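One point on numbering: in my numbering, the residue at position 186 of the sequence shown is 186, and numbering is uninterrupted.
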Amino acid sequence: MSRLYFPKDFIWGSATAAYQIEGAYQEDGKGESIWDRFSHTPGKVANGDTGDVACDHYHRYKEDVELMKEIGLDSYRFSISWPRILPKGKGEINQQGLDFYRGLINELLKAGIKPVVTLYHWDLPQALQEEGGWANREIVKHFVNYAEILFNEFGDVVSQWITHNEPFVVAFNGHGSGDHAPGIKDQQVALQVAHNLLLSHGLAVKKFRELKLDNEIGITLNLISSYPISDNVEDNKAAKRMEDYINGWFLEPLFKGRYPERIVEFYGEKFNNLDIREDDMGLIKEEIDFLGINYYSRSLVRYNKDSKFLGIEGVKPQDSQYTAMDWEIYPKGLYDLLIKLNQEYTQKPLYITENGAAFDDKISEGGGVHDQDRIDYLKAHFQSAYKAIQEGVALKGYYVWSLMDNFEWAYGYSKRFGITYIDYENNQRRILKDSAYWYKNIIVNNSLEV
Ligand code: GAL
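Quick look at the structure:
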């Protein structure tokens, strides 16, 4: 046995998002969001699940901060629901919405837990969707106004801000495949949405700088490590295209002020049709303080000329282990990704803003939840992070997804990602899983036993 010690000021945290845990979907003046609309549309979410009640965090946030204290978290990453603050997305502010987040932030500060806020984790006010949502460039202005309200309100107590969570998923799942709200299936729209999201990010960062706030701002991307199935040239190219599609499309504009050329060629007409104005790329590149990374799995691919999807075909290795999402467990991918980011894109501080796994957890007869598979998953990924830090990567913190089981988007409540079990049948009772106790031990010792 040996111990891997993390850097002294390393931040251990956990993350959630508003729509996935809060519930109270129509309370205290909250407006409708696109996820309210989507989940209430038959056939969109597994089992007809909605976020109406979710984990009831809106009413139980104090109890939840107690859980965080019990686990010993240094920091908690959560998102603010735009329609709670601005029920119509713009115009009148809902004071009760601000009060809720003020209450939560105060509770966290009292507990010595650092709040990290995501401005947009997918729950756009439905009223803005009626005006075209993210596909309409006007939204950039509305997003910046919304961000400014929060910067002014909480700028002194929130030390780190994340503009967007996974703009890739908003663009391509929300507007390409359509399996997320608002359920649009149009690749051209998806590309425009990606651009408008990036622009709104850049302008929110600019606004943040203008306000001279004494804290940090960044963005969170879902990133993969992509590998070819063979060393054949076409397979290699396919793997690079996959990487450009998911990572490069966001990393290159943010850090280099351009879209990745290799894939621009593939998009052809669709790219040429985009509304990208003269100053946009410069604005998107506005300097950030840190990059947030959500890492879950890798992508293994081969070239297939018949595949409509950029000539790429995904490969599922037989001898690998998979989570309940059917995602391959591949911790080395996290190490490879961190090294690559450091070498090719930025030496800014990096945070793992999400990493974790869904498994079919059950309450045991003794009342505990024995999720050894989640412990194994996290342990292997922490080791990868450790190795990257040893090699000089400026990784400053790690947020486990998720603090609690929650509404897993199109999968509803059927997938459990939490280190806390939510007993939905029993009044949303909370039970810390074995992984939460295991995590507590790591945090206390700031080290991992291997
Ligand atoms: C991310 C997302 C989270 C969570 C997680 C697990 O894409 O930001 O909200 O659902 O995946 O699937």
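Where a beta carbon is used, it is the ideal one built from N, C-alpha and C, also for glycine. Just so you know, these numbers come straight off a predicted model, no measurement behind them.
The beta carbon of residue 375 is closer than 8 Å to those of 434, 435, 438 in its chain, skipping five residues each way along the sequence. Exposure of residue 367 is indicated by the presence of fewer than 16 other C-beta atoms within 10 angstroms of its C-beta. Assignment of residue 253 by DSSP, reduced to helix, strand and coil, places it in the helix class. For the set 418, 269, 214, 9, the Cα lying nearest the Cα of residue 373 is the one of 418. A direct Cα-Cα distance of roughly 17 Å separates residue 28 from residue 123.
Residue 117 sits buried, since 16 or more C-beta atoms from the chains shown fall within 10 Å of its C-beta.
Beyond the five residues adjoining it in sequence on each side, residue 36 comes within less than 6 Å, by CB distance, of 25 in the same chain, given in chain order. The closest heavy atom of ligand 1 lies less than 6 Å from the beta carbon of residue 17. If you check the CB distance, residue 315 and residue 239 do not come in under 7 Å.
With a cut-off of 8 Å on Cβ pairs, the stretch 182-195 is in contact with the stretch 258-275, counting three or more such pairs. In chain order, 164 place their CB closer than 6 Å to the CB of residue 120, counting only its own chain and leaving out the 5 sequence neighbours on each side. Rounded to whole angstroms, the separation of the alpha carbons of residue 305 and residue 69 is 53 Å. Uninterrupted beta strand (DSSP E) stretches at least 3 residues long and entirely within the stretch 212-241 occur at 216-222, 226-228, given in chain order.
Using a cutoff of 6 Å, the CB of residue 165 counts as near ligand 1, since one of the ligand's heavy atoms is closer than that. In its chain, beyond the 5 residues on either side, 283, 284, 286 have a beta carbon closer than 6 Å to the beta carbon of residue 202. It is roughly 17 Å from the alpha-carbon of residue 232 to the alpha-carbon of residue 243.
Here residue 160 is bridged, per DSSP, to 116, 216.
The criterion of a C-beta distance shorter than 7 Å is satisfied by residue 337 and residue 225. Here residue 19 has 35, 51, 123 as same chain residues with Cβ atoms under 6 Å from its own Cβ, once five neighbours each way along the sequence are excluded.
Remark: C-beta atoms of residue 395 and residue 350 approach each other more closely than 7 Å. For residue 190, the three-state secondary structure derived from DSSP is helix.
Annotation for residue 267: the continuous alpha helix (DSSP H) segment containing it runs 261-267.
As summarised for the stretch 391-447, the continuous beta strand (DSSP E) elements at least 3 residues long and confined to that stretch are 395-401, 420-423, 429-432, given in chain order. If only complete runs of 4 or more residues are kept, the stretch 81-113 shows the alpha helix (DSSP H) at 82-85, 95-110, in order along the chain.
Runs of alpha helix (DSSP H) with 4 or more residues, each lying fully within the stretch 327-367, are found at 332-344, listed in chain order. Shown here for residue 443: same chain residues with a beta carbon closer than 6 Å to its own, the five before and five after excluded, namely 12, 72 in chain order. Comparing alpha carbon positions, the residue from 21, 253, 392, 213 closest to residue 168 is 253. In this structure, residue 107 sits near residue 62, with a CB-CB distance shorter than 7 Å. Put simply, the backbone Cα of residue 56 is about 18 Å away from that of residue 48. In chain order, 3, 4, 5, 6 place their CB closer than 8 Å to the CB of residue 447, counting only its own chain and leaving out the 5 sequence neighbours on each side. Between the stretch 83-101 and the stretch 418-430 there are fewer than three C-beta pairs closer than 8 Å, too few to call the two in contact.
DSSP places residue 182 in the coil class of the three-state scheme, outside both helix and strand. A Cβ-Cβ separation of about 6 Å places residue 398 in contact with residue 385 under the 8 Å criterion. Beta-bridge annotation (DSSP): residue 165 is paired with 220. In the structure shown, the three-state DSSP call for residue 171 is helix.
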